[in-house]
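Asker: The opening position of the sequence shown corresponds to residue 332 in the numbering used here, with each subsequent residue numbered one higher.
Have a look at the structure that comes next, please.
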Amino acid sequence: KDMGSMEGIQFRTGDIIKRMLAGAEAYAILIVTIGQGPESRARQLLEQGEFLEGYITDLLASALVDSVADQVQEQIRHLVAEQGWVISNRYSPGYCSWDVSEQQKLFSLFPENSCNIQLTDSSLMTPIKSISALIGLGPSVRFQDYTCEICSMKDCAYRKTRATESR
C-alpha cells in the first residue's frame, strides 16, 4: 500500500492510488486555496436566511478552487511535456481510501503556513475551499478522464458518476 518515499516520508495511499501512480518517476505536490472570502460570504448569507444564495455561493467557491487546481495541474502538464513526460490524475488525501491523516505528511513538505492554509487536528484544511494533491510524473504514467469507477468508495460525496454502481 505504500506509494514510496519522498523526502524521507512514506505515504500510504492505498492500493488504488498506488496502482494509478505506477510508473511515476517523480511527483508534483500542490496546495491551492481561494482563501476565506467566499467561505465567509456563504456562511454570512446562510446566517441571514438567504439559503439559496448561500448554497450557490458555496457551490461556486467549490468550483472555483477546483478550477484553480485544474490550472495548476495544466501548468505541470506543460512543464513535464518538455521532457517527454506525462502526468497522472491528481489524488488527494481522503479520496480512494487514502486516509485524510496523510495530509499531515503532505503538508510537512511545504513551508509552514503555505498559502495561508492551516490543518486542523483532524487533518482538514482551513480555509475549507482548499485542495492538496499529489500527481505522478513520468513517461509511463497514465491520465484517465474519469477515475471514479476504479474507486471502492460508492457513497463518496465527490463521486462523478453513479452509473458504475449498477454494474
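The beta-carbon is built from N, C-alpha and C at its ideal position, and this holds for glycine as well.
According to DSSP, is S454 helix, strand or coil?
Answerer: Mapped onto the sequence shown, residue 454 falls at position 123. In the structure shown, S454 sits in coil (DSSP, three-state: anything other than H, G, I, E or B).
Asker: Going by the DSSP bridge assignment, what does G469 pair with across the sheet?
Answerer: Locating residue 469 in the sequence shown gives position 138, where the first residue counts as 1. G469 pairs with V417.
Asker: Three or more C-beta pairs closer than 8 Å, one from the region 463-477 and one from the region 368-376: is that the case here?
Answerer: Not touching, per the Cβ criterion.
Asker: Rounded to whole angstroms, how far is the Cβ of V396 from the Cβ of S461, which I believe are closer than 8 Å?
Answerer: The count along the sequence shown starts at 1 and reaches residue 396 at position 65. The count along the sequence shown starts at 1 and reaches residue 461 at position 130. Their Cβ separation, rounded to whole angstroms, is 7 Å, which keeps V396 and S461 in contact under 8 Å.
Asker: Here's a check: name, in chain order, each residue in its chain whose Cβ is nearer than 8 Å to the Cβ of K332, leaving out the five neighbours to either side.
Answerer: To locate residue 332, count along the sequence shown from 1; it is residue 1. The predicted model places K332 with a pLDDT of 37, which falls under 50 and marks its position as unreliable, so this point remains unresolved.
Asker: Should F438 be labelled buried (16 or more other beta-carbon atoms within 10 Å of its own) or exposed?
Answerer: Position 107 of the sequence shown, counted from the start, is the residue given in the question as residue 438. With 16 or more other Cβ atoms within 10 Å, it is buried.
Asker: Rounded to the nearest angstrom, what separates A494 and D486 at their Cα positions?
Answerer: Taking the sequence shown and counting its residues from 1, the one referred to as residue 494 is at position 163. Taking the sequence shown and counting its residues from 1, the one referred to as residue 486 is at position 155. Confidence at A494 is low in this model, with a pLDDT of 45, below 50, so the placement of that residue should be treated as unreliable; the coordinate-derived value is given next. The alpha-carbon atoms of A494 and D486 are separated by roughly 12 Å.
Asker: Indicate whether the contact test is met: 3 or more Cβ pairs, each with one atom in the region 382-393 and one in the region 427-446, closer than 8 Å.
Answerer: No: the two stretches stay apart, fewer than three of their Cβ pairs being nearer than 8 Å.
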